[in-house]
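For the sequence shown, UniProt numbering assigns the number 1 to the initial residue and increments by one for each residue that follows. Positions of the beta carbon are idealized from the N, C-alpha and C atoms, including for glycine. Shown next, in structure tokens, is the structure this report addresses.
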Amino acid sequence: MRLRQIEVFRAVMLTGTVSEAARLLHVSQPVVTRVLQHAEASLGFRLFERVRGRLQATPEANALYGDVERLYGEIERVRRVSESLRHKGAGRLRVAATPSLANPLLVPAVRSFCARHPDTQVQVLTHHTDEIVGALLANQIDLGFAFAPPRHEAISSEPVASGRMLLAVPRAQPLPAGGRRRVVPMQRLMERAFIGYDDNSSLGLLVRQTLARHALEPRSTLEVQTYSLALALVDAGLGMTLLDQYTALSASAERVALHDVAPVLPFEIQMLRASHRAGSSLADDLRDQFALAAATLAATLPLRLEAPTASFDAAPARRRD
């Protein structure tokens, strides 16, 4: 189908009549009829049947319509960007982040960016790390943010923020006091419900490897693939878990307590771009806004941390008979 045929087909699908489609497209009825006939001739099947004065889509037309709407959305996006470039000299930026980074960091970064560049078209997506890499290689996005992504020869990365893992605990199920050292052994907490990670992301692997290295086997009946979902389950009182500090800091202080862990489990957040494509000032500014959002949120961490610290190395105290 030619672009004009797609446009007429979509208009008829939306309106149900040739006259309304012509009005929608600002053309005459004969033009709509002629284009529709040419489309059916080139396709080799009918798109509409006339029923009681209206055009009823055939099964073939209904099968085409979903793809036509998706294509039309892309065409509209190109039109908006071209109009923006022609009238305002602005541009377009396509950005993705992993789900756990989207709400606490990407949203405030995009809010600041849009205030600074109100005429720029911004497409915001959430992808898992491997999907971000694939989208960069396919030129579907301009930059992405992820925790410690795998190395790829065609992807360049630079650190934009860092942090550490925290223990998130339902407020209704507080940790024991921890004594004068204000430290509670993780081994002592292993009988509690623990929300595990069923993924191969860097932080998911970090949690599983740390538990395995200290021979800890938590009582885990719940497994998730995103840290934001893990936090929601902690908030619901279904168990404790280890979270990156940015996801953890978005928790409700009334329902979730945050505790440091020792030794520290650090991580980095990387900004990713395709190596073979030139950067842009827009991408650089969004990177700066993302880093600022991370620094602003990290500054609130001391106010949210509570005693005791959960220690992987500390041994549980012996009971006295």
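Alpha-carbon spacing of residue i relative to residue j, whole angstroms
{"i": "R46", "j": "N62", "result": "11 Å"}
{"i": "R23", "j": "L136", "result": "40 Å"}
{"i": "R70", "j": "D198", "result": "32 Å"}
{"i": "G91", "j": "R54", "result": "42 Å"}
{"i": "V169", "j": "L175", "result": "8 Å"}
{"i": "P308", "j": "S280", "result": "46 Å"}
{"i": "Y72", "j": "R4", "result": "11 Å"}
{"i": "L106", "j": "A97", "result": "7 Å"}
{"i": "N139", "j": "D284", "result": "17 Å"}
{"i": "H26", "j": "E40", "result": "22 Å"}
{"i": "V35", "j": "V8", "result": "7 Å"}
{"i": "D313", "j": "M271", "result": "33 Å"}
{"i": "E20", "j": "L64", "result": "21 Å"}
{"i": "A172", "j": "A232", "result": "15 Å"}
{"i": "G178", "j": "L222", "result": "26 Å"}
{"i": "F267", "j": "V261", "result": "13 Å"}
{"i": "L265", "j": "A278", "result": "34 Å"}
{"i": "I75", "j": "H38", "result": "22 Å"}
{"i": "T210", "j": "I6", "result": "55 Å"}
{"i": "V12", "j": "V31", "result": "12 Å"}
{"i": "R208", "j": "S156", "result": "28 Å"}
{"i": "L166", "j": "V234", "result": "13 Å"}
{"i": "L249", "j": "H214", "result": "26 Å"}
{"i": "D67", "j": "S201", "result": "32 Å"}
{"i": "A293", "j": "N103", "result": "11 Å"}
{"i": "G144", "j": "Q123", "result": "12 Å"}
{"i": "P302", "j": "P263", "result": "17 Å"}
{"i": "G204", "j": "L216", "result": "15 Å"}
{"i": "A146", "j": "R273", "result": "11 Å"}
{"i": "V78", "j": "A295", "result": "35 Å"}
Per-residue DSSP class, three states only, for residue i
{"i": "I6", "result": "helix"}
{"i": "T241", "result": "strand"}
{"i": "F147", "result": "strand"}
{"i": "G204", "result": "helix"}
{"i": "E153", "result": "coil"}
{"i": "V27", "result": "coil"}
{"i": "P266", "result": "strand"}
{"i": "P159", "result": "strand"}
Residues near residue i by beta carbon distance below 6 Å, same chain, minus five either side
{"i": "E60", "result": "F45"}
{"i": "Q56", "result": "E49"}
{"i": "residue 326", "result": "Coverage of the chain is limited to positions 1 through 321, which leaves residue 326 absent and any answer about it impossible."}
{"i": "D142", "result": "L93, R94, A283"}
Sequence-distant residues of the same chain with beta carbon closer than 7 Å to residue i, five excluded per side
{"i": "F194", "result": "P218, R219, S220, G239, M240, T241"}
{"i": "S100", "result": "T226, Y227, S228, D244, T247"}
{"i": "L282", "result": "G91, L93, H117, T120"}
{"i": "E306", "result": "A257, L258, H259"}
{"i": "T300", "result": "L249"}
{"i": "T15", "result": "A21, L24"}
Own chain partners of residue i with C-beta closer than 8 Å, once the 5 adjacent residues on each side are dropped
{"i": "T58", "result": "F45, R46, L47, F48, E49"}
Three or more beta-carbon pairs under 8 Å between the region 153 to 163 and the region 182 to 192, yes or no?
Result no; under three Cβ-Cβ pairs closer than 8 Å.
Looking at C-beta atoms only, is the number of pairs between the region 276 to 296 and the region 99 to 115 that lie closer than 8 Å three or more?
Yes, since at least three Cβ pairs between the region 276 to 296 and the region 99 to 115 fall closer than 8 Å, the two stretches touch.
Can you check the region 40 to 106 for any beta strand (DSSP E) of at least 3 residues that lies completely inside it and give the ranges in chain order?
Listed in chain order, the complete beta strand (DSSP E) runs (minimum 3 residues) inside the region 40 to 106 are 48 to 51, 54 to 57, 92 to 97.
For the 8 Å Cβ check, are there 3 or more pairs between the region 124 to 132 and the region 143 to 158?
Remark: three or more beta-carbon pairs, one from each stretch, lie closer than 8 Å, so the region 124 to 132 and the region 143 to 158 are flagged as touching.
Secondary structure, alpha helix (DSSP H): runs of 4+ residues fully inside the region 165 to 228
202 to 213, all fully within the region 165 to 228.
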